[in-house]
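The block underneath contains the structure these notes are about, expressed in structure tokens.
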Amino acid sequence: MILVFPHLQKNNLVDGGLSNTFLVIHIFNVFSFVFVFSLTIYVHVFTANETFEKLASMSLIANMTVYLKTKYNMEGVLLVNVINIWSGTSSFMSIGGALISDMFLGRYLMLLYGSISSLLGMMILTLTAIVPKLRPPTCIGQINCIDPNLWQLSILYAGLTLMAIGAGGIRPCNIAFGADQFNTTTKEGRSQLESFFNWWYFSFTFALVIALTAVVYIQTNISWVIGFAIPTSCLLVSIVIFVIGHHAYIIMKPQGSVFVDLVKVITAATRKHRLDCSRCSFYDPDFHPRTKQLRCLEKAAVIANQNELDEDGKPKNGWRLCSIQQVENLKLLLGMMPVCLAGIGCFMTMDQQTTIGILQAIQSNNVLPSGFKIPPGWMGLSPMIALSIWISTYEILWVLQTKRLTGKAKRLTMTQRINIGLISAMACSIVASFIEKKRRTAALKHGSFKSPMSILMLLPQFALSGLVEAFAAVAIMEYLTTQLPESMRTVAGAIFFISLSMASYLNSMLVNIVHKTTKKGGKTSWLGGHNLNNGKLENFYYLAASIEALNFLYFNLYARRFIATSCTINKESKEDQHINEDQI
146 MILVFPHLQK NNLVDGGLSN TFLVIHIFNV FSFVFVFSLT IYVHVFTANE
196 TFEKLASMSL IANMTVYLKT KYNMEGVLLV NVINIWSGTS SFMSIGGALI
246 SDMFLGRYLM LLYGSISSLL GMMILTLTAI VPKLRPPTCI GQINCIDPNL
296 WQLSILYAGL TLMAIGAGGI RPCNIAFGAD QFNTTTKEGR SQLESFFNWW
346 YFSFTFALVI ALTAVVYIQT NISWVIGFAI PTSCLLVSIV IFVIGHHAYI
396 IMKPQGSVFV DLVKVITAAT RKHRLDCSRC SFYDPDFHPR TKQLRCLEKA
446 AVIANQNELD EDGKPKNGWR LCSIQQVENL KLLLGMMPVC LAGIGCFMTM
496 DQQTTIGILQ AIQSNNVLPS GFKIPPGWMG LSPMIALSIW ISTYEILWVL
546 QTKRLTGKAK RLTMTQRINI GLISAMACSI VASFIEKKRR TAALKHGSFK
596 SPMSILMLLP QFALSGLVEA FAAVAIMEYL TTQLPESMRT VAGAIFFISL
646 SMASYLNSML VNIVHKTTKK GGKTSWLGGH NLNNGKLENF YYLAASIEAL
696 NFLYFNLYAR RFIATSCTIN KESKEDQHIN EDQI
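Numbering-wise (my numbering), the sequence shown opens with residue 146 and increments by one.
In structure tokens:
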């Protein structure tokens, strides 16, 4: 989730007041989440479209595991696959949305079409809650459960697919569309960038905690129909307001995609891979500095013969000849991949808690001594609360106090934060394994589907999942955005979304491998089918902890060096840019 909301451009001020563009967006968000804006001092613009899209999608995601388990009678492996594939596809679709937006539709139309697709998908899901025949009969006590048939699953998958397509159109474009409205080159805006990332995460999470608490409670304890109708209505309202403000927006025309430039470099370098470059001249109109890494890609910028240039000295075919700047952009991107791979391991831990962790909550005692029933979906709010507590503590107590005492704010480095996130991921899986063993033992002792162990015992593993996001996810998001040039801002968001999708797909793959391996010889799978009490989920968590330990070693022995390398390359690029500006 990467979002850049720049400071207001001076040209957008009219008679000392805010421009029409700013008013349309800002007034609506004050109406939506006025309590958030008192905390988010670095966030001046928050588009209503993404606010309600996130509210709508997250309110469904938070409780989708419970819905599929209780209303569709899905056993553990199928349920985890559906959730992970849906989540991964939603993130991966962002790449397609970015390409279509940059090359054909533009960000405004892509946002509009994406919102409509999400709305249609949510309407289908609401319909499944309204019409009982669209679901299998309710299973009492998870005994002799009737699985959903093909046509029931087809309708469900259609709704989830439309939502994934919609998310692919909204997520990559909303960031850039907000940036289109304002100036991002102010010195003040750059200096506040790091704090902004943390504060946006905090404000976004705080708003979701308030909203999802009510929606999830309604879905679980009152009515799934009403619980689905609320976010669907919210998204409908956001589309209406988004369209009403059409004439006030600054709408940029499609100018081509930087993704295509990256593919051009690979294509041109492949075509010229046998070319001898000992005495080659390069196409470098901007005199961009060349780095030593991945020199093989520089063949894409080699002028094999003068016929490759037109009368103005520009390439006739961009698929045969690229500039040094295009090559260096691809080098920089590839140099960031090792760090992103380490991040995927962290994201896998987060995904496991949103699916398997919720299944544990369903089979735990959710009744408090007062008689109040805690919806299992509320456990998904625990990571958000932990994230909010840490970020507010870090920004208010640590950063401000160190600045007050030493005169300079001291912050944890990216490497330190990612390492803490990796350790938190290991701890999350280890703690989850111990808690699951205790939960399952108590359930078997009492011979019940639900364990007498309190659902509150699951809080530590969910809280640790939140710390994984607070440290690793925020650091990797900042790393991607700050180390890539401004022209590649869309690519930064795309890489983050790809990392999320890969984590979801790998989680699904891991679950399937474990399921098929552990059920051989007529044994019960570790994941337990319809009933976790029949399996050994704690062993799965031990395996996950082992994978995280290997990920920790991989990062510290190999990937961490690329953070310094990327920073150095980016610094050299910026210095060269300033030199060129001074010469002009």
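Just so it is clear, CB atoms sit at the ideal spot from N, CA and C, and this is done for glycine as well.
Close Cβ partners of residue i (< 8 Å) along its chain, the five nearest in sequence each way excluded
| i | result |
| --- | --- |
| isoleucine 375 | Ser204, Val360 and Ile363 |
| valine 408 | none |
| leucine 651 | Ile489 and Met493 |
| glycine 241 | Gly313 |
| phenylalanine 642 | Ser236, Phe237, Ser239, Ile240, Arg316 and Pro317 |
| cysteine 441 | Ala414 and His418 |
| aspartate 247 | Pro399, Gln400, Gly401, Ser402, Val403, Phe404 and Thr635 |
| alanine 704 | Pro483, Val484, Leu486 and Ala487 |
| isoleucine 384 | Asn194, Leu257, Ser260, Ile261 and Leu264 |
| phenylalanine 249 | Pro399 |
Neighbourhood of residue i by C-beta, 6 Å cutoff - its chain only, sequence neighbours within 5 removed
| i | result |
| --- | --- |
| leucine 168 | The pLDDT assigned to leucine 168 is 37, lower than 50, so where the model puts this residue is not dependable; a value taken from the coordinates is nonetheless given after this. Closer than 6 Å at the Cβ level, and outside the excluded window around leucine 168, lies no residue. |
| alanine 572 | Leu609 |
| methionine 219 | Leu213 |
| tyrosine 687 | Ser578 |
| glycine 674 | Glu220 |
| alanine 732 | Coverage of the chain is limited to positions 146 through 729, which leaves residue 732 absent and any answer about it impossible. |
| leucine 338 | For leucine 338, the pLDDT reaches just 48, beneath the cut-off of 50, and the residue's location in the model is therefore unreliable, although a value from the coordinates is still provided. Hits under 6 Å: none found. |
| glycine 304 | Gly266, Ile269 and Leu270 |
Residues near residue i by beta carbon distance below 7 Å, same chain, minus five either side
| i | result |
| --- | --- |
| glutamate 717 | With a pLDDT of 44 at glutamate 717, under the threshold of 50, the modelled position of that residue is not reliable, and the figure given next carries that caveat. Excluding positions up to five away in sequence, the list reads Pro434. |
| leucine 244 | Ser402 and Phe404 |
| leucine 576 | The question names leucine, yet the displayed sequence has valine at residue 576. Within the same chain, valine 576 has close Cβ partners Pro605, Gln606 and Leu609. |
| arginine 416 | Arg465 |
| serine 644 | Cys485, Gly488, Ile489 and Phe492 |
| glycine 730 | The structure shown has nothing for residue 730, since the chain only spans 146 to 729. |
| methionine 647 | Ile489 |
| valine 613 | Cys491, Thr494, Met495, Gly566, Ser569, Ala570 and Cys573 |
Contact belief for residue i with residue j at Cβ below 8 Å, rounded distance in angstroms
| i | j | result |
| --- | --- | --- |
| valine 472 | valine 410 | 6 Å |
| threonine 500 | leucine 224 | 7 Å |
| leucine 677 | phenylalanine 685 | In fact, because the Cβ distance is near 10 Å, the residues do not count as touching under 8 Å. |
| glutamate 453 | lysine 461 | 6 Å |
| methionine 308 | glycine 266 | 4 Å |
| alanine 617 | glycine 667 | Between glycine 667 and alanine 617 the Cβ distance is about 40 Å, and since that is not below 8 Å, they are no contact. |
| glycine 480 | glutamine 438 | 6 Å |
Cβ neighbour criterion (16 or more within 10 Å) applied to residue i
| i | result |
| --- | --- |
| aspartate 455 | exposed |
| glutamine 497 | buried |
| glycine 522 | buried |
| threonine 387 | Residue 387 is actually phenylalanine in this sequence, not threonine. Its Cβ being crowded by 16 or more others within 10 Å, phenylalanine 387 is buried. |
| histidine 723 | Residue placement at histidine 723 is poorly supported in this model, since its pLDDT is 43, which falls under 50; the coordinates still yield a value, given next. Flag for histidine 723 reads exposed. |
| histidine 591 | exposed |
| proline 528 | buried |
| proline 597 | exposed |
| threonine 669 | exposed |
| lysine 459 | exposed |
| glutamine 451 | exposed |
| serine 426 | exposed |
| threonine 436 | buried |
| asparagine 289 | exposed |
| proline 277 | exposed |
| proline 520 | buried |
| histidine 660 | buried |
| aspartate 406 | buried |
| leucine 695 | exposed |
| proline 282 | exposed |
| threonine 377 | buried |
| leucine 629 | buried |
| leucine 504 | buried |
| histidine 171 | With a pLDDT of only 41 at histidine 171, under the threshold of 50, the placement of this residue in the model should not be trusted, and no figure is reported. |
Legend entry - Ordered list of alpha helix (DSSP H) runs contained in the region 388-466, each at least 4 residues: Correct list: 403-416.
Legend entry - Inter-stretch contact (C-beta, 8 Å, three-pair minimum) for the region 641-660 and the region 214-233: They touch, by the three-pair rule.
Inset, instruction - Run through the region 547-594 for me and flag every whole alpha helix (DSSP H) of 4 or more residues, listed as ranges in chain order. - result: Listed in chain order, the alpha helix (DSSP H) elements of length 4 or more contained wholly in the region 547-594 are 559-591.
Inset, instruction - State whether the region 248-265 contacts the region 302-315, with contact taken as three or more CB pairs (one from each stretch) at a distance under 8 Å. - result: Touching, yes, given that three or more Cβ pairs across the two stretches are closer than 8 Å.
Inset, instruction - Would you check if the region 540-548 and the region 579-586 touch, i.e. whether three or more CB-CB distances between them fall below 8 Å? - result: The region 579-586, when compared against the region 540-548, does not touch it at the 8 Å Cβ threshold.
Legend entry - Every unbroken beta strand (DSSP E) within the region 223-307, with a cutoff of 3 residues, ordered by chain: None, since the region 223-307 contains no complete beta strand (DSSP E) of that length.
Legend entry - Contiguous alpha helix (DSSP H) assignments of at least 4 residues, all confined to the region 594-657: If only complete runs of 4 or more residues are kept, the region 594-657 shows the alpha helix (DSSP H) at 604-613 and 619-628, in order along the chain.
Inset, instruction - Evaluate the contact criterion for the region 559-566 versus the region 700-708: three or more CB pairs, one atom per stretch, below 8 Å. - result: Yes: at least three Cβ pairs fall under 8 Å.
Inset, instruction - Scan the region 486-525 and note each continuous alpha helix (DSSP H) run of 4 residues or more that stays entirely inside, going in chain order. - result: Listed in chain order, they are 503-507.
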